[in-house]
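Per our numbering, the very first residue in the sequence shown carries number 681; after that it's consecutive. Each residue gets a CB set at the ideal place from its N, CA and C atoms; glycine is no exception.
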Amino acid sequence: GGTLTLPADYDHFGRSGTGTFTFNQTGGTLSKPSGVQLKLGMDADTTGIVNMSAGSFDSSAYVWVGIAGHGEFNQSGGDVRIQRLSMADQSGGTGEYRISGGSLVVTDAILGSQDDVHAGKFTVSGSGATSIETMRFYGWSDVVRFELDAGGTTLIKVTPDTGWTHDAAYADLRRAVIEVDTLPGFNGMEGDVYDVLWVEDSALTGTYDGTIRYGDPYTTLINYSSIVTDFAWQIVSKQVDGKDGQMLQLIVGVMYDERYVSGLQKKFYVTDNAQTYINGSGGIAFDPTSQSGGVYDRIYLVNSTTDTNKSGLYSIDVVNETYSGRLALADWISLRSVAVDSAGAAFTSGNHPDRGVWKIADPLGAATETRMLDDYGGGTGDDDPYGLCMVPQGFGGGYTSDDLVLYDSGLDFNGNDAFTVVDAASTVSDPAFTVLHQADEPGTLRQAGSDYDGRVYWTHSPLQTADLGGTKPYITRMDNAGGMERIFLDIDPADMGILDDTIAVNPVDGSVWMAFYVPDEGNIRTVYRVDAANAVDQGGGNYLASIARVIYNVGFNNIGNYCIAISPDGKQLALVNPNDDDMMAIFDIHPEILPYDEWVAGYGLTGIDAEMGSNPDGDKLDNLSEYALGGDPTDPFDVGMTPVQSFYSDVGGDWMDYVYPKRSSPNSGISYTMEVNDDLIYGTWTNANYQLMGTGIIDAEFNAVTNRIPTDVEDKQFIRLVIEEL
């Protein structure tokens, strides 16, 4: 109890020659005269510690936790109000402020270490603290640690309400390390989101702009939890106490759509200080000749660095999580894109010392390097295809060998983008090549081959848009004669972010996979799947395809170019993260789940009860009909929206309108056909003698289809709606 006022000349806990100084406050009031600073661990050989479990500490001055020595301030209770908090101020110093209870108000700023060594740490342990507020929060070169309990952590509020003289709040997480751990009692599930730091969107000044800065330079997240395999982070707009602001959130696990992929199956690191660094990745590709226990186990990686100590071709064993030394191309820099043929030969392109394409036969054995296409570009020296892909044995049905398809950003220096094809089996330096397409394409192209339908797919970065019932983004596919079709994506481009990667085609189902990032959400990656194989013909060479967000809030801050690949059997998706983590992630791809399967699973039906022809609720409609009409297959009193009729006279005679519901998705997996008949015994059902009047919207899943039938032509007519699985 009582009050302890430190004298004006007593401003340090831990001075040279004193070793460790510990101050324990279990109640009462600790105060300091105005302007007098408190320093913990003043000199290099000292440690200063404050343990506060109750009481109050009120000072209008600075608190330094670790200056040249080591400092700790552990607050498990009580109330602290100070002007500024700084950790690890000088080179060699370390310091941590840890709060698990009580309240903390820092009227001006919480500051990190001065050196780029992450020696200062601010830790919020659990949700027991009542409040944490400051005007400015600097995590620059610092560690910000969140230890989550059942309630997450106490929210750090960065707000001008602290009463300091600045008129805007501000947080800077550039170069910060975000550490995440879990405490006993934590019960979060994959996908749960925790608010951890909020910055009020206050008035702007020349210095403080009411935002959270991050990512440039890098912001890194490290997971220390023993029970959660992965965390991701994002920044979103969110109100607190009725005020607008930006919120830093932590997400449990990688979020994914289990219809298409399983959760993260493998995450491992590829770091060799002598050579291999994923942060220089120019591309990855599975080896179609290498399996272990039925699993494709080998990925080739080319390094895009300009450092000849690290450039070249490497091999990664994704089953055993090992990697090779450099296999080939030690002298080539800026390698970009890699492909592997059915004989296990690797191909890549680059620009030193000679531009063109290199073929590496037997890369794991006696690797042989052959420079192909040294006359590519008609002798102009423009031998620098930017990307390449392999279409195995029968590109578009027009070839009988593996075919290497190249993308060049300016064939013959003519400024046009070009796609060319060459026989991958060639061993000569100037094999013949065929130009499939030349045009001045907008943006940067991203390219992928396909042995699903023998066509090459490409995208523009950023995605281009065009009108197809409204402005929609599109990708392009090209056959072996250069014929092209546009596949429009059934999505608002504003919802997708920025295309950041090359694309990959699943050779089993023809789906196209692409990686995006959203700058406003911490540059966190999102992977989309386009159902290109089932795209619906819109006429004029245009198709419309459904698109699904498959993996999102992935904690990858810099996927980069050519860093996504799918195994030859379509069962594995590989992503590499070429930042300082040097991480590779492998996901299992699920066979496509049909919309009906998803619908029936939503009602908990399995086995025979889930079959289309079953009728588990015993009403008049089977599951297929209830799916088509919006019914509930477990409720005998809910059969969905039944067709309706109305009679009237109009120009041309007497009519009956017949209106039925129809699922609006082009990929519903079912068809609706209206048929008429004038005699149920001897007549024939026919899809004729009626007029389609139009289609309206019922809700997000169903349209209303209106047909009319003349009633003054036949004495009697019968109508039926035929619903069939496609």
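Which of helix, strand or coil DSSP assigns to residue i
i, result
"residue 813", "strand"
"residue 1279", "helix"
"residue 1173", "helix"
"residue 1214", "helix"
"residue 1361", "coil"
"residue 967", "coil"
"residue 986", "coil"
"residue 1390", "strand"
"residue 1097", "strand"
"residue 1313", "coil"
"residue 1153", "strand"
"residue 748", "coil"
"residue 834", "coil"
"residue 1082", "coil"
"residue 1120", "coil"
"residue 1288", "helix"
"residue 840", "helix"
"residue 1325", "strand"
"residue 942", "strand"
"residue 720", "strand"
"residue 1341", "strand"
"residue 728", "strand"
Neighbour-count burial assignment, residue i, 16 or more Cβ in a 10 Å radius
i, result
"residue 684", "exposed"
"residue 692", "buried"
"residue 728", "buried"
"residue 888", "Bear in mind that a pLDDT of 44 at residue 888, under 50, signals an unreliable position, so the model cannot answer this."
"residue 988", "exposed"
"residue 1151", "exposed"
"residue 867", "exposed"
"residue 904", "exposed"
"residue 1147", "exposed"
Test item: CB-CB of residue i and residue j under 8 Å
i, j, result
"residue 749", "residue 723", "yes"
"residue 1018", "residue 1026", "yes"
"residue 1020", "residue 965", "yes"
"residue 932", "residue 911", "yes"
"residue 1225", "residue 1132", "no"
"residue 1112", "residue 1084", "no"
"residue 812", "residue 857", "no"
"residue 1028", "residue 1015", "yes"
"residue 1321", "residue 1310", "yes"
"residue 1337", "residue 1319", "no"
"residue 1130", "residue 1190", "yes"
"residue 899", "residue 853", "yes"
"residue 1116", "residue 1070", "no"
"residue 782", "residue 793", "no"
"residue 925", "residue 880", "yes"
Beta-carbon contacts of residue i that lie in its chain and below 6 Å, excluding the five residues immediately before and after
i, result
"residue 863", "806, 827 and 829"
"residue 832", "807 and 874"
"residue 817", "790, 838 and 851"
"residue 734", "706, 707, 757 and 758"
"residue 764", "742, 788 and 789"
"residue 1126", "1139, 1141, 1182 and 1183"
"residue 1385", "1340, 1342 and 1375"
"residue 732", "705, 755 and 758"
"residue 737", "710 and 760"
Span of the beta strand (DSSP E), counted from its first residue to its last, around residue i
i, result
"residue 1222", "1222 to 1225"
"residue 1021", "Element bounds for residue 1021: n/a, residue is neither H nor E."
"residue 1069", "1067 to 1071"
"residue 705", "700 to 711"
"residue 1298", "Per DSSP, residue 1298 belongs to no beta strand (DSSP E) and is neither H nor E."
"residue 805", "800 to 805"
"residue 827", "823 to 828"
"residue 903", "900 to 903"
"residue 1404", "1398 to 1405"
"residue 789", "782 to 791"
"residue 763", "759 to 767"
Contacting residues, own chain, Cβ-Cβ under 7 Å from residue i (five flanking each side not counted)
i, result
"residue 928", "876, 877, 892, 913 and 915"
"residue 1403", "1304, 1305, 1308, 1350 and 1352"
"residue 1122", "1140 and 1144"
"residue 662", "Not covered by the structure: residue 662. The range shown for the chain is 681 to 1406."
Residue range of the unbroken alpha helix (DSSP H) whose run includes residue i
i, result
"residue 1308", "1303 to 1309"
Nonlocal neighbours in the same chain, by C-beta distance under 8 Å from residue i, ignoring five residues either side
i, result
"residue 970", "976, 977, 978 and 1024"
8 Å Cβ cutoff, residue i in contact with chain B
i, result
"residue 692", "Chain labels in this structure do not include chain B; a single protein chain is all it has."
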